[in-house]
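Enquirer: Using the UniProt record's numbering, you'd call the opening residue of the sequence shown number 1 and step up by one each time.
Every residue gets a Cβ at the ideal spot worked out from N, C-alpha and C, and that includes glycine.
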Amino acid sequence: MKKAHLQDNIYEVLPDIFEKSLGNSQKKWNGKCNDTYNTLQLVSNLSHHAVSENINQEKKKEFYFFASFFRNVPVGILVLSDSNSNRAGIPIIRAIVTHMGTRNCGRSLIEYAVNKSQELNRKGVVQLEPVPSATTAYRRLGFTKDTDDWMVLNPARQGSLWNLNNGIYRLRQSNISRQIEYADSQQ
1 MKKAHLQDNI
11 YEVLPDIFEK
21 SLGNSQKKWN
31 GKCNDTYNTL
41 QLVSNLSHHA
51 VSENINQEKK
61 KEFYFFASFF
71 RNVPVGILVL
81 SDSNSNRAGI
91 PIIRAIVTHM
101 GTRNCGRSLI
111 EYAVNKSQEL
121 NRKGVVQLEP
131 VPSATTAYRR
141 LGFTKDTDDW
151 MVLNPARQGS
161 LWNLNNGIYR
171 LRQSNISRQI
181 EYADSQQ
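#1: Would you tell me roughly how many angstroms separate the C-alpha atoms of S108 and K116, rounded to the nearest one?
#2: Among residues of its own chain, excluding the 5 on either side of K145, which ones have a beta-carbon nearer than 7 Å to its beta-carbon?
#3: Kindly indicate which three-state DSSP category H5 falls into: helix, strand or coil?
#4: If you check the beta carbons only, do F70 and V79 fall under 8 Å apart?
#5: Have a look at the DSSP bridge pairing and note the partners of R170.
#6: From the DSSP output, in three-state form, read off G76 for me.
#7: For A113, count the other beta carbons within 10 Å of its own beta carbon; 16 or more makes it buried, fewer makes it exposed. Which is it?
#8: So, is D82 buried or exposed, given that buried needs 16 or more other C-beta atoms within 10 angstroms?
#9: E119 by DSSP, collapsed to three states: which one?
#10: According to the neighbour-count rule (16 or more other Cβ atoms, all chains shown, within 10 Å of its Cβ), is I92 buried or exposed?
#11: Apart from the five residues just before and just after S68, which ones in its own chain have a Cβ nearer than 6 Å to its Cβ?
#12: Could you tell me the distance, in whole angstroms, from the CA atom of P15 to the CA atom of S21?
#13: Go ahead and pull the three-state DSSP assignment for I90.
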């Protein structure tokens with residue numbers, strides 16, 4: 001067995017794994033794994049930053065952390081920030097990461113972020129700086145391009161995708177998030 005180093009952790013790997021050439025699908029999965037690892041590092045850094053900022057400064061920066069669970073197992077995390085330093089006073093989705101084996105988990109996390117924005121009197125509007133490979137997925141949720149690097153979601157302007165009922169926004173076709181909640185409640 002060879003050893004692979006990932007920061008300070010050491011993992012055993014199968015023999016000759018580094019010598020074999022990888023197919024396109026394996027390269028894609030490796031890329032997804034790398035992106036996930038980097039985003040989890042960002043979430044960790046943001047949580048440490050949020051704690052130290054709030055301890056060291058009189059003016060607190062608000063960070064909200066949302067987690068999505070499936071059968072009591074975490075499958076997604078979203079970090080939302082709301083402070084006066086945000087672009088145009090719109091809450092920013094600082095990080096979103098979902099388990100690679102799930103589909104549509106991010107939809108429920110985006111719903112929570114939109115509703116937190118609604119709760120903060122920001123009309124449900126959120127913004128993010130997407131990784132290029134996720135731009136299409138964000139467009140499907142109603143995000144529109146704001147600048148070269150930023151996308152904004154204003155659910156009130158996306159009536160075909162979003163529904164406002166009793167002050168709560170829901171994606172019109174968010175059956176997946178409800179299935180996750182239902183499956184979780186069955187245990």
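Expert: A quick look at the data gives this:
#1: Mapped onto the sequence shown, residue 108 falls at position 108. Mapped onto the sequence shown, residue 116 falls at position 116. So the alpha carbons of these two residues sit roughly 12 Å apart.
#2: Translated into positions along the sequence shown, residue 145 becomes position 145. Within the same chain, K145 has close Cβ partners M151.
#3: Counting from one through the sequence shown, the residue named residue 5 turns up at place 5. Confidence is the limiting factor: at H5 the pLDDT is only 45, short of 50, which leaves the residue's position unreliable and the question unanswerable from this model.
#4: Taking the first residue of the sequence shown as position 1, residue 70 is located at position 70. Taking the first residue of the sequence shown as position 1, residue 79 is located at position 79. No.
#5: Taking the first residue of the sequence shown as position 1, residue 170 is located at position 170. Bridge partners of R170: N163.
#6: As a position in the sequence shown, residue 76 is number 76, starting the count at 1. G76 falls in the strand class under three-state DSSP.
#7: Here the question's residue 113 lines up with position 113 in the sequence shown. Looking at its Cβ environment, which holds 16 or more other Cβ atoms inside 10 Å, A113 is buried.
#8: Sequence index remark: in the sequence shown, residue 82 carries index 82 (1-based). Within a 10 Å sphere around the beta-carbon of D82 sit 16 or more other beta-carbons, which makes this residue buried.
#9: The residue labelled residue 119 in the question sits at position 119 within the sequence shown. Helix at E119.
#10: Counting from 1 along the sequence shown, the entry for residue 92 is found at position 92. Counting Cβ neighbours within 10 Å, I92 comes out buried, since at least 16 surround it.
#11: Along the sequence shown, one-based indexing puts residue 68 at 68. So the qualifying residues of the chain are V75, G76, C105, S108 and L109.
#12: On the sequence shown, position 15 is the one that residue 15 refers to. On the sequence shown, position 21 is the one that residue 21 refers to. Residue placement at P15 is flagged as unreliable, the pLDDT there being 49, under the threshold of 50; the coordinate-derived value follows with that caveat. Approximately 13 Å, taken between the alpha carbons.
#13: Mapped onto the sequence shown, residue 90 falls at position 90. I90 falls in the coil class under three-state DSSP.
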